[in-house]
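Take the position in the sequence shown, starting the count at 1, then add 5; the result is the number in this note's numbering.
Contents: one structure, followed by commentary.
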Amino acid sequence: MRNFRHVFCIGLFFTVSLTPIFDLLHLQQLSFTTTALASAEQQALPNDTQTSELFLKELETIYLTNLERRQHGLSPLRWNRQLQLAARWFAADAVEGNAPGFCDHTDSQQRSPGQRFLDFGYRHAQAWGENVICGYTEPQYAVAGWMNSAGHRANLLHSDYREIGVGYYQGASGRGYVTQDFSFDVNYAPVVINNEAISTTNALVDLFIYDPAVGEGLEGMGPAVAMMIANEPDFLDETWQPFAQETTWPLDAGEGWRSVYVKTRDAQGRTSTVFDTIYLGERLPVNELDLRQGCGFRPRIDIEALDRSGWPQVQLSLSWLGDNEDSTFQDINQIGQRVNDPNAIGQSAYYIAAGDTAGRVRYWTTTFYKDVPLVAYFRIRATNIATADEVVTISISGSGTTYGPLTLQGTDFTDANSYREFALPFQFNNNSNDPYLTFNIDHSGKSDIYLDTISIFTDSMSLQDEAEWQVLDGYHRSRGIWARFVEPNGTFTEPTDLQVFGTNSHLVVPPAATPPAESRLPVINPSELTHHLFIPITMR
């Protein structure tokens with residue numbers, strides 16, 4: 006589904022006395038598999054926990070690395086728990102699974118760093134690298150050694166990286182190993198507090214906020230145009246402000262662990278929510294260091310309907326949206342034009358005037374989720390709402406199957422100035438002879454037509470019992486989640502956002518709730534691998 010970049014991983018031969026450094030004679034190149042691999046949480050690992058002393062050294066190494074990057078005009082890196090576990094495992098394996106003098110990047114299971122990342126759950130690396138210290142040394146000497154070696158310096162100062170993990174290990178004999186892993190996942194745009202310092206005594210902190218733009222398409226996201234910052238994941242009483250990559254922010258007063266949450270939004274309302282954590286105070290409680298303070302991913306979403314008197318079903322979406330400005334939105338007959346429309350999502354629509362010429366507009370992709378039931382919502386406006394004639398027909402074709410058509414008359418549109426959404430279920434299957442998924446909009450010429458977006462949701466799930474949504478690829482990071490509430494007769498609401506309040510909160514559905522029409526602004530709590538969701542919505 007994605008185009009992966011291949012970058013080289015350069016190794017480091019290093020001794021405790023900081024003698025001259027020798028690069029490996031070979032360079033290891035990243036290779037990817039699409040096989041779903043067990044995460045680190047499911048493996049019996051000798052070092053999935055760490056001593057407080059070595060954990061602190063790992064985080065100090067990350068901070069010192071970021072200071073070097075900032076001094077060279079580069080962005081700081083956010084520490085990632087999957088990379089941290091992979092780095093720890095390899096550091097231990099290098100000492101306990103190999104003979105003395107081992108200095109390499111291939112572990113005892115014959116895995117490259119890239120394969121280890123996959124095995125520890127980091128599945129969407131577009132670029133990666135690894136530096137090692139073949140021995141035990143302090144963080145400042147490790148970073149200095151890497152910076153004094155051209156290859157490792159280039160690795161440490163690579164501009165593409167966004168995330169980092171460091172693993173320290175020292176065996177009973179005194180032999181040690183330090184591993185520094187880097188990666189870039191285009192789907193994750195972190196926030197970094199104070200260059201990833203572990204603690205601070207100043208409540209006013211510096212934030213570096215990555216732009217989550219990943220391009221166009223159903224899984225795309227445009228450049229951030231606004232952001233919201235909060236000290237709690239619910240963002241209560243916070244307001245949108247123009248996006249800025251660097252800013253300052255006041256932590257809550259007092260002493261203790263503090264998290265900062267940042268939600269960014271693109272022009273189409275797609276959001277990404279991320280966090281970082283720092284200790285505020287004079288004395289860092291080293292025994293409270295926790296992998297959950299790093300960023301990571303979630304394989305599933307647990308749902309519990311606490312009130313069943315309202316909407317009985319829900320559909321979910323990772324803000325999958327096809328916009329009329331995407332390059333795969335095509336006017337086959339070339340008779341329309343893109344116009345500004347304040348009522349459209351993103352304030353842009355594709356306008357086709359009434360006339361004698363009928364035609365087709367289509368939106369296509371080849372890379373969406375396959376073999377799962379989904380529902381597409383076409384957002385359309387027609388101005389001739391008095392006619393009983395056909396004005397628009399929608400259909401979906403994919404993998405040799407056609408869904409629909411659904412024919413719409415002018416009278417199906419209740420307001421000439423408002424958009425209306427029309428649902429069409431479909432399933433995109435594997436078919437090598439027909440790899441395209443195409444959303445078709447045929448217009449008759451009987452009315453002016455404004456075409457806005459196509460949003461994709463899962464099939465309906467019951468809210469009568471506890472439910473579990475296994476995110477379609479089992480890998481959710483920061484993307485905003487939308488929900489639609491559905492009746493069995495086909496009635497549905499417009500999208501609303503999901504919000505999280507604490508580790509043990511649940512998806513709450515108030516009785517007979519109607520979400521606001523344009524509420525597309527999710528809040529995601531990043532503190533747990535599995536989380537529960539709360540939907541704050543107005544009553545009807």
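For glycine and all other residues, C-beta sits at the position ideal for the given N, C-alpha and C.
Cβ-Cβ distance between residue i and residue j below 7 angstroms
i: ILE390; j: ILE446; result: no
i: ILE198; j: PHE187; result: no
i: GLY227; j: ASP271; result: yes
i: PHE125; j: LEU90; result: yes
i: SER452; j: THR388; result: yes
i: ARG384; j: THR496; result: no
i: TRP487; j: SER324; result: yes
i: PRO317; j: THR269; result: no
i: ASP165; j: ALA132; result: yes
i: TYR284; j: SER204; result: yes
i: LEU468; j: PHE431; result: no
i: LEU429; j: PHE373; result: no
i: THR565; j: PRO144; result: Absent from the structure is residue 565, since the part of the chain shown begins at 6 and ends at 545.
i: PHE462; j: SER322; result: yes
i: GLY301; j: ARG167; result: no
Where residue i falls: helix, strand or coil (DSSP)
i: ASN345; result: strand
i: ASP190; result: coil
i: ASN389; result: coil
i: GLN185; result: strand
i: ASN434; result: coil
i: ILE169; result: strand
i: ILE283; result: strand
i: ARG180; result: coil
i: TYR266; result: strand
i: SER57; result: helix
i: ILE306; result: strand
i: ASP271; result: coil
i: ARG74; result: helix
i: ASN329; result: coil
i: MET66; result: Here the sequence assigns Thr to residue 66, which means Met is not the residue at that position. Residue state, collapsed to three classes: helix.
i: TRP316; result: coil
i: ASN199; result: helix
i: ASN160; result: helix
i: ALA421; result: coil
i: ARG288; result: coil
Nearest residue (CA-CA) to residue i, options the options
i: GLN342; options: ILE454, GLN55, ARG75; result: ILE454
i: GLU201; options: THR282, ARG297, VAL491, PHE418; result: THR282
i: GLY485; options: ALA194, PRO144, LEU82, TYR182; result: ALA194
i: GLU243; options: ARG386, VAL267, THR252; result: VAL267
i: ILE138; options: VAL344, PHE95, LEU468; result: PHE95
i: LEU411; options: GLU58, SER277, ALA104, GLU395; result: GLU395
i: LEU456; options: PHE490, ASP336, ARG482, PRO81; result: ASP336
i: ALA249; options: ASP257, ALA229, GLY259, ARG263; result: ALA229
i: ASP376; options: GLU293, ASN436, VAL319; result: ASN436
i: GLY351; options: LEU88, ALA231, VAL196, ALA155; result: ALA231
i: LYS62; options: TYR182, LEU162, ALA349; result: TYR182
i: PRO500; options: SER423, PRO238, TYR382; result: TYR382
i: PRO238; options: TYR215, VAL265, ARG275; result: VAL265
i: TYR355; options: SER332, ARG167, VAL380; result: SER332
i: TYR141; options: ASP328, ARG180, GLU221; result: ARG180
i: GLU330; options: ASN338, GLY301, ARG367, ASP361; result: ARG367
i: GLU251; options: ILE234, LEU241, ARG263; result: ILE234
i: ASN348; options: TRP369, PHE334, GLY327, ARG386; result: ARG386
i: THR276; options: CYS108, LEU59, SER483, GLU492; result: SER483
i: GLY286; options: GLN320, GLY327, GLY259; result: GLY259
Euclidean distance between Cα positions of residue i and residue j
i: PHE213; j: ASP295; result: 22 angstroms
i: ARG93; j: ARG83; result: 17 angstroms
i: TRP474; j: GLU224; result: 18 angstroms
i: GLY364; j: ALA358; result: 11 angstroms
i: GLY106; j: VAL171; result: 21 angstroms
i: THR54; j: SER404; result: 46 angstroms
i: VAL291; j: ARG297; result: 14 angstroms
i: GLY150; j: GLU73; result: 12 angstroms
i: PHE433; j: ASP439; result: 10 angstroms
i: ARG75; j: SER423; result: 49 angstroms
i: GLN34; j: LEU79; result: Low confidence applies here, because GLN34 scores a pLDDT of 25, under 50, leaving its location unreliable; read the following figure in that light. So the two alpha carbons sit approximately 24 angstroms from each other.
i: VAL279; j: TYR215; result: 10 angstroms
i: ALA518; j: ASN345; result: Here ALA518 scores only 38 on pLDDT, less than 50, and its place in the model should not be relied on; the value that follows carries that caveat. Cα to Cα, the separation comes out at about 32 angstroms.
i: CYS108; j: TYR174; result: 14 angstroms
i: PRO304; j: GLY479; result: 4 angstroms
Residue-level contact to chain B via CB, residue i, 7 angstroms cutoff
i: ARG297; result: Looking for chain B here will not work: only one protein chain is present.
task: Quick one: which unbroken beta strand (DSSP E) runs of 3-plus residues sit fully inside the stretch 440–513? Chain order, please.
output: 442–448, 454–463, 472–475, 487–491
- request: Note down, one range per segment and in chain order, each alpha helix (DSSP H) of at least 4 residues found wholly within the stretch 107–158.
  value: 118–124, 144–152
- request: May I have a chain-ordered list of the beta strand (DSSP E) segments no shorter than 3 residues that lie completely inside the stretch 348–415?
  value: 353–357, 364–370, 378–387, 395–403, 406–414
Alpha helix (DSSP H) runs wholly inside the stretch 210–249, at least 4 long, in chain order: none
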